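Report on one structure; see the data block that follows.
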Amino acid sequence: MGLDWSPWVPFDAPREYFYIPKAPGVYRIRATGNEALLTIGETGQSLHKKISELRQSLRRADLMPWSDPHDVAPCLWAYWVEWVTQRNAEGQPEPGDDDETPGPVMLECSAAPLDAAAPGRKGMEAYLLYQYRQEAGESPLCSFGRFHPRYRKSSRRCENRRGGKLEDHQQDNPAGFPGIGPLEATGHPGDPGWMGLEWPEWQSLTADAARNVPPGAGLYLLADAATREIVYIGHAAAVAARLMEHQKKAWDDRELVFSYQITGPVAIPHTLRELETDLIGSFYEQNKKAPEYQYRSSR
Numbered sequence: 597m598g599l600d601w602s603p604w605v606p607f608d609a610p611r612e613y614f615y616i617p618k619a620p621g622v623y624r625i626r627a628t629g630n631e632a633l634l635t636i637g638e639t640g641q642s643l644h645k646k647i648s649e650l651r652q653s654l655r656r657a658d659l660m661p662w663s664d665p666h667d668v669a670p671c672l673w674a675y676w677v678e679w680v681t682q683r684n685a686e687g688q689p690e691p692g693d694d695d696e697t698p699g700p701v702m703l704e705c706s707a708a709p710l711d712a713a714a715p716g717r718k719g720m721e722a723y724l725l726y727q728y729r730q731e732a733g734e735s736p737l738c739s740f741g742r743f744h745p746r747y748r749k750s751s752r753r754c755e756n757r758r759g760g761k762l763e764d765h766q767q768d769n770p771a772g773f774p775g776i777g778p779l780e781a782t783g784h785p786g787d788p789g790w791m792g793l794e795w796p797e798w799q800s801l802t803a804d805a806a807r808n809v810p811p812g813a814g815l816y817l818l819a820d821a822a823t824r825e826i827v828y829i830g831h832a833a834a835v836a837a838r839l840m841e842h843q844k845k846a847w848d849d850r851e852l853v854f855s856y857q858i859t860g861p862v863a864i865p866h867t868l869r870e871l872e873t874d875l876i877g878s879f880y881e882q883n884k885k886a887p888e889y890q891y892r893s894s895r
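Per this note's numbering, residue 597 is the first one in the sequence shown, and the count goes up by one each step.
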């Protein structure tokens with residue numbers, strides 16, 4: 597998509613950090629020397645400032661950061677601390693006596709400026725995640741609300757629930773369960789077999805039609821009734837209930853139709869987000885934009 601990515605810059609780099617652009621755009625974070633990504637993100641502020649704040653959130657090994665203002669920070673922290681602990685257990689040099697500086701942060705970042713409004717940046721983020729999933733066969737470890745299985749996540753600062761490592765007797769964090777593999781990149785948005793799924797025929801977005809949708813979690817598409825162009829892609833723990841909510845909205849006085857895919861009685865939240873992003877990413881790849889209503893309220 598023609599992005600001008602910066603070189604990979606270590607989080608603890610004293611000088612190379614100037615390579616990170618001082619403009620809005622998209623970014624990637626990975627463990628140093630590892631091709632697997634931890635996260636892909638976007639920001640409307642300076643990338644330089646955004647990543648600098650993430651670096652600062654990892655300054656203490658004894659205190660997981662809050663989930664705000666950077667929701668991904670607790671997950672990056674959990675994996676970083678686990679890797680530092682593992683490194684020390686293997687007999688490598690101790691990081692030092694200062695709890696606030698436990699040793700080199702074994703993460704690195706790369707960023708690319710993107711001159712676009714929020715829908716364009718978020719659409720690009722979805723496309724990059726979709727592309728990564730197609731190539732790697734899995735998602736970044738800290739994307740889609742995923743988390744380290746042996747840690748609980750910090751709440752927002754105002755809720756004052758600090759996260760940390762789970763006790764040995766405690767069960768794994770469900771957010772650490774494996775994700776789902778990528779959908780098959782096939783067909784065109786709105787086709788009956790798009791992305792390897794069997795989409796039912798389009799139905800008018802009415803209360804009666806929504807009530808007839810089978811119970812369960814899954815994915816759904818909303819499209820313009822006249823053109824059949826997809827205007828929104830969503831996921832829900834209860835698809836029928838979500839469609840009931842959507843049919844009450846004005847949608848700029850347009851008539852919409854819907855199709856859906858029930859994935860099962862229940863679903864792990866991050867797996868639905870993964871599949872939804874595959875659909876948005878495929879749409880973006882073929883249309884060079886996100887669905888019209890996908891990120892309308894975003895900034």
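Cβ coordinates follow ideal geometry from the N, Cα and C atoms, glycine included.
Everything numeric in this text was worked out from a predicted model, so none of it was measured.
Residue i in three-state terms, based on DSSP
| i | result |
| --- | --- |
| Ser906 | In the structure as shown, the chain starts at 597 and stops at 895, and residue 906 therefore has no counterpart that could be examined. |
| Leu643 | helix |
| Asp695 | For Asp695, the pLDDT reaches just 49, beneath the cut-off of 50, and the residue's location in the model is therefore unreliable, leaving the point undetermined. |
| Glu690 | Interpretation of Glu690 is limited by its pLDDT of 46, a score under 50 that renders its predicted location unreliable; the figure taken from the coordinates is listed afterwards. Glu690: coil per DSSP, three-state reduction. |
| Asp820 | strand |
| Arg757 | coil |
| Glu780 | coil |
| Cys705 | strand |
| Phe773 | coil |
| Pro715 | helix |
| Glu631 | coil |
| Gly792 | helix |
| Phe854 | strand |
| Gly637 | strand |
| Arg869 | helix |
| Arg611 | coil |
| His831 | strand |
| Tyr889 | coil |
Rounded separation between residue i and residue j - CA only
| i | j | result |
| --- | --- | --- |
| Leu839 | Pro620 | 34 Å |
| Asp693 | Asn883 | Confidence is the limiting factor: at Asp693 the pLDDT is only 46, short of 50, which leaves the residue's position unreliable and the question unanswerable from this model. |
| Ala674 | Asp820 | 43 Å |
| Ala685 | Trp676 | 14 Å |
| Gln766 | Pro774 | 18 Å |
| Cys738 | Leu875 | 20 Å |
| Tyr623 | Asp804 | 44 Å |
| Ala657 | Ala732 | 30 Å |
| Ala707 | Leu643 | 7 Å |
| Gly792 | His784 | 10 Å |
| Glu851 | Gln799 | 11 Å |
| Gln857 | Glu794 | 7 Å |
| Leu779 | Gly719 | 18 Å |
| Ser648 | Asp608 | 10 Å |
| Lys898 | Thr823 | Lying outside 597 to 895, the shown extent of the chain, residue 898 is not represented and no answer is given. |
| Trp679 | Met702 | 8 Å |
| Arg651 | Leu659 | 14 Å |
| Asp711 | Tyr728 | 22 Å |
| Tyr889 | Tyr723 | 16 Å |
| Pro606 | Gly637 | 17 Å |
| Trp790 | Phe740 | 22 Å |
Contact under 9 Å by Cβ, residue i with residue j
| i | j | result |
| --- | --- | --- |
| Thr859 | Leu725 | no |
| Gly830 | Pro861 | no |
| Ala886 | Pro709 | no |
| His866 | Ala771 | yes |
| Val853 | Val835 | no |
| Ser750 | Arg742 | no |
| Asn756 | Leu762 | no |
| Ile616 | Cys705 | yes |
| Leu633 | Ser653 | no |
| Arg748 | Gly759 | yes |
Supposed contact pair residue j and residue i - C-beta distance, whole angstroms, cut 8 Å
| i | j | result |
| --- | --- | --- |
| Leu815 | Tyr828 | Wrong, their Cβ atoms sit about 11 Å apart, outside the cutoff. |
| Thr639 | Lys646 | 4 Å |
| Ser878 | Pro796 | In fact, because the Cβ distance is near 19 Å, the residues do not count as touching under 8 Å. |
| Ala669 | Gln730 | Between Gln730 and Ala669 the Cβ distance is about 27 Å, and since that is not below 8 Å, they are no contact. |
| Ala863 | Ala833 | 7 Å |
Buried versus exposed, by CB contacts within 10 Å (16 or more), residue i
| i | result |
| --- | --- |
| Pro661 | buried |
| Glu721 | buried |
| His744 | buried |
| Arg753 | exposed |
| Tyr880 | buried |
| Lys845 | exposed |
| Arg626 | buried |
| Arg655 | exposed |
| Glu870 | buried |
| Ser602 | buried |
| Glu690 | Because Glu690 sits at a pLDDT of 46, beneath the cut-off of 50, its placement in the model cannot be relied upon, and the following sentence gives the value as read from the coordinates. Flag for Glu690 reads exposed. |
| Leu868 | buried |
| Arg611 | exposed |
| Tyr891 | buried |
| Ser893 | exposed |
| Ala713 | exposed |
| Phe614 | exposed |
C-beta neighbour in chain D for residue i, strict 9 Å
| i | result |
| --- | --- |
| His644 | Checking the listed chains, one finds no chain D in this structure; it contains a single protein chain. |
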